[in-house]
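Protein chains in written order, with this note's numbering: chain P, 1 to 221; chain R, 222 to 300. The beta carbon of each residue, even a glycine, is placed where N, CA and C say it ideally should be. Okay, structure first, notes after.
Pasting the structure below:
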């Protein structure tokens, strides 16, 4: 798997995702600067990392979503290349229009930083094939703007089409229907607020996130 | 020429910041505030020849997230 990690000014989980990808795939991902306009030849997986791109100016992810590399990212996903956006990466995806809805300030206004239990709602996707449907996993969250909102029709459509990939078991940030992660209609783009890349080796205290990357590797390879 | 863009949350969209401001006002003893909604004011200093539709384009493409926000443009002709 030839993966690319997009790096924005203010990204801070780019190294975490790179290490996770290298551990699972055995291959170092290309680190692609936001000002680049092309992805490396043969890129077959793209990650938008967590962090605080552009200091969350205007709206979280708003600036990054309009940066030069994003056209190449959009073109690649339109060709079916899988893309994961984690935390700030999820915010960038909604701002870029690659996923519906928006991520707003947490309902409790506090920055939330702790491990949270999640239900795997759909184990048929490229990203979740190594999990069982209904299984509970624990990923850490670390965000201020993770309150997922969309209109009722969009929420109903996400539910009906099996595009809610992960759901919080408990109330975390006010998200509509406790949505933690969603897929696009083609199923090759996943955005989620919790951090699977932070639970991939025993020293992290859990390896619940590792199977996401293992499942993906199996799907892509 | 200057213009002001007011970006506000759409009606019905939960505004946690507005709620917190509301609570703080009540805590300070200001009664009679029914609701508070917080938004953004963006001031643009524009070259001659920029027309309303250009500013609307800026709003749709960047200044507002039209999934959750409305915008209103106010031109200040003599500024």
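query: With respect to the beta strand (DSSP E) encompassing residue 210 of chain P, which residues constitute its N-terminal and C-terminal limits?
result: The continuous stretches of beta strand (DSSP E) do not include residue 210 of chain P, which lies in the alpha helix (DSSP H) extending over residues 210-220.
- request: Tell whether a beta-carbon distance below 8 Å holds between residue 47 of chain P and residue 17 of chain P.
  value: Closer than 8 Å, so yes.
- request: Check the Cβ-Cβ distances between residue 265 of chain R and every residue of chain P, and say whether any is below 8 Å.
  value: It does not; no Cβ of chain P falls within 8 Å.
field: Whole runs of the beta strand (DSSP E) within the segment 33-85 of chain P, excluding any shorter than 3 residues
entry: Those beta strand (DSSP E) runs which fall completely within the segment 33-85 of chain P and span 3+ residues are 45-48.
- request: For residue 254 of chain R, count neighbouring C-beta atoms within 10 Å of its own C-beta (all shown protein chains included) and say buried if the count is 16 or more, exposed if not.
  value: That one is exposed.
field: Of the residues P:190, P:113, P:200 and P:82, the one placed nearest residue 100 of chain P, counting alpha carbons only
entry: Nearest of P:190, P:113, P:200 and P:82 to residue 100 of chain P, Cα basis: P:190.
query: Do residue 249 of chain R and residue 263 of chain R have their CB atoms nearer than 8 Å?
result: No Cβ-Cβ contact shorter than 8 Å links residue 249 of chain R with residue 263 of chain R.
Near-chain R residues of the segment 97-111 of chain P (beta-carbon distance less than 8 Å), N- to C-terminal order: Here the close residues are 100, 101, 102, 104, 105, 106, 107, 108 and 109.
- request: Have a look at residue 64 of chain P and residue 92 of chain P and give me their C-alpha separation to the nearest angstrom.
  value: Distance between the alpha carbons of residue 64 of chain P and residue 92 of chain P is about 6 Å.
field: C-beta atoms of residue 118 of chain P and residue 139 of chain P nearer than 8 Å
entry: Contact flag set, yes.
message: Mapping the DSSP letters down to three states, classify residue 293 of chain R as helix, strand or coil.
response: The three-state secondary structure of residue 293 of chain R, taken from DSSP, is strand.
field: chain P contacts made by the segment 238-257 of chain R, where a contact means CB separation under 8 Å
entry: Within the segment 238-257 of chain R, the qualifying residues are 238 and 241.
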